[in-house]
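Peer 1: The structure is given below, and queries will be raised subsequently.
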Amino acid sequence: YNLAPEFSKFHNTPEVDKPIIALASSSAIPSDAEEALNPKEKRAELALRRAHVSDAWAIRAATAASFFTRSSLRWLRHLRDTIPASNIRAHQVVAKLIAAAEFLADASFNVVKFS
């Protein structure tokens, strides 16, 4: 998606283990954070990482959809203003397109908001 590069940092999994391990005694826990995990914890961590990346992509896609739908609303409103008032059928069609685009913009915004 055509977004600013700084948004790509949200795809990186946040680092949690090292700060938590730093609080514990260094003699009780191995130096590498992943060595301290048992197989179940490793699977859970992998699942959490996958969920994080999946959520980040869903939010990115919904943000792009919302932004570009709102841009198309501006174009549709401009188009509506350039159509002569005598062309009632064209105004009706553009009004339906605007209503559909408003629905899509609101729905995609809610996906981002509630993710």
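Quick note on full-length UniProt numbering: the sequence shown kicks off at 1 and runs consecutively.
Ideal Cβ positions, reconstructed from N, Cα and C, are used throughout, including at glycine.
Here the structure is a predicted model, which means the values were calculated and not measured.
(1) Would A105 and L73 qualify as a contact pair, given that the criterion is a beta-carbon distance under 8 Å?
(2) If we count Cβ pairs, one from each stretch, closer than 8 Å, do we get three or more for the region 105-114 versus the region 74-89?
(3) For A62 and I98, what's the separation of their Cα atoms in angstroms?
(4) What residues in its chain sit with their C-beta under 6 Å from that of R70, if we drop five residues either side in the sequence?
(5) Tell me which residues share the same chain as I66 and place their Cβ nearer than 7 Å to its Cβ, disregarding the 5 neighbours each side in the sequence.
(6) Of the choices R89, K40, K96 and I88, whose alpha-carbon is the least far from that of L76?
(7) Where do the ends of the alpha helix (DSSP H) carrying F103 lie?
(8) Between which two residues does the alpha helix (DSSP H) harbouring A47 extend?
(9) Do you know how far the Cα of A64 is from the Cα of R49?
Peer 2: The structure says:
(1) The count along the sequence shown starts at 1 and reaches residue 105 at position 105. The count along the sequence shown starts at 1 and reaches residue 73 at position 73. In contact: A105 and L73 (Cβ atoms closer than 8 Å).
(2) no
(3) Locating residue 62 in the sequence shown gives position 62, counting from the first residue. Locating residue 98 in the sequence shown gives position 98, counting from the first residue. Rounded to the nearest angstrom, the two C-alpha atoms are 19 Å apart.
(4) Counting from one through the sequence shown, the residue named residue 70 turns up at place 70. Excluding sequence neighbours, R70 sits near A105.
(5) In the sequence shown, residue 66 corresponds to position 66, counting from 1. Just to set this straight, residue 66 is Ser in the shown sequence, not Ile. Hits under 7 Å: A105, S108, F109 and V112.
(6) The count along the sequence shown starts at 1 and reaches residue 76 at position 76. With distances taken between Cα atoms, L76 lies closest to K96.
(7) Translated into the one-based positions of the sequence shown, residue 103 becomes position 103. Looking at the DSSP string, the run of the alpha helix (DSSP H) that includes F103 is I88 to K113.
(8) One-based indexing of the sequence shown puts residue 47 at position 47. P39 to T82 is the span of the alpha helix (DSSP H), which, as asked, contains A47.
(9) As a working mapping, residue 49 is identified with position 49 in the sequence shown. As a working mapping, residue 64 is identified with position 64 in the sequence shown. Each residue's alpha carbon lies about 23 Å from the other.
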